[in-house]
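Notes follow once the structure below has been shown.
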Amino acid sequence: MDPRTHAFYARHAEQLQPDSEARHSAMRATVAQALTPGQTVLDVGAGAGRDVAAMQELGLDAYGVEPHAGMRERALALHPGLAGRLADAGLPALGRPFADRCPAGFDAVVCSAVLMHLTPAELPRALAALVQQLRPGAGTLLLSLPQLDAERLRGDQDPDGRNFHNHEPAAVVQMLAAWQLRLSQQSLSDVVWERTGTRWWTGVFRRDAAPPLTPTGA
């Protein structure tokens with residue numbers, strides 16, 4: 731995370747209160763529709779833990795990674811049930827968090843409101859890191875990408891001073907196709923456009939399990 735973006739989240743973590751965030755994120759409905767209770771899921775860029783806690787409420791075996799220590803501390807303060815389920819990691823390189831609990835990888839990975847902080851050069855590596863968290867040959871990837879009105883951008887910064895890049899969803903779809911992840915569902919929301927100049931694209935990608943091999947001579 732670049733210093734400007736890190737400084738923003740440091741301030742945000744200090745100011746965050748239990749009622750500071752909306753009760754449910756826009757991603758919750760997508761997760762509920764795309765995933766099945768009992769599945770393992772990793773939230774990349776967990777922030778203050780709202781979405782990981784929400785996924786637990788949906789019956790998912792949910793974990794999260796967050797690179798900012800202050801945000802992880804707030805997450806545990808706001809959601810004590812996340813103890814042992816948050817790790818220090820962030821894109822574009824994740825390693826293998828929770829490999830001891832999910833050695834074969836996760837059934838699903840969620841990454842919402844994160845990729846815009848990465849440069850175009852970092853994006854392919856970040857997507858590869860997300861895919862590597864999934865079980866080999868299968869899994870579901872859920873992404874949410876903001877598109878900020880170009881008039882509100884100041885070079886590569888948003889109005890809050892965070893590193894911000896408008897990544898085209900079509901480019902993301904094309905990159906993920908290289909890992910046999912196909913786009914199965916997408917939506918575009920303009921709900922907060924007038925207030926923030928941001929529209930949100932959400933995509934659900936699936937990679938079907940490879941069919942079993944037919945024994946030779948069968």
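The numbering of the sequence shown is the numbering used here, which starts it at 731 and goes up by one.
Just so you know, even glycine gets a beta-carbon here, dropped at the ideal spot from N, CA and C.
Between the beta-carbon of valine 903 and that of leucine 913 there is about 5 Å, and that keeps the pair under the 8 Å contact cut.
An exposed status is given to glycine 789, since fewer than 16 other beta-carbon atoms sit within 10 Å of its beta-carbon. In this structure proline 797 does not touch glycine 777 by the C-beta definition: roughly 10 Å separates them, more than the 8 Å allowed.
Pairing tyrosine 793 with leucine 772 gives a Cβ-Cβ distance under 7 Å. Residue pairing from DSSP places valine 774 in a beta bridge opposite Val795.
As DSSP reads the structure, proline 876 sits in a beta bridge with Trp930.
Contact between leucine 816 and alanine 783 is absent: CB atoms are separated by about 11 Å, not below the 8 Å threshold. The alpha-carbon of proline 850 is positioned some 7 Å away from that of histidine 895.
In the structure shown, leucine 812 adopts helical secondary structure according to DSSP, grouped into three states.
Note that the C-beta distance between threonine 928 and proline 889 is not below 7 Å.
Relative to the Cα of proline 822, the nearest Cα in the group Glu881, Leu845 and Ala838 belongs to Leu845. In the structure shown, the three-state DSSP call for valine 840 is strand.
In the DSSP assignment, no residue is bridged to serine 914. Within the same chain, and ignoring the five residues on either side of serine 842 in sequence, the residues whose Cβ sits closer than 6 Å to its Cβ are Met757 and Ser874.
Residue nearest to glycine 775 within the set Leu872, Glu881, Leu878 and Ala901 is Leu872 (criterion: CA-CA distance). In the DSSP assignment, leucine 906 falls within the unbroken alpha helix (DSSP H) covering 899-907. Shown here, glutamine 887 sits in a strand according to DSSP, grouped into three states. Annotation for glutamine 786: the continuous alpha helix (DSSP H) segment containing it runs 780-787. In the three-state DSSP reduction, threonine 870 falls in the strand class (E or B).
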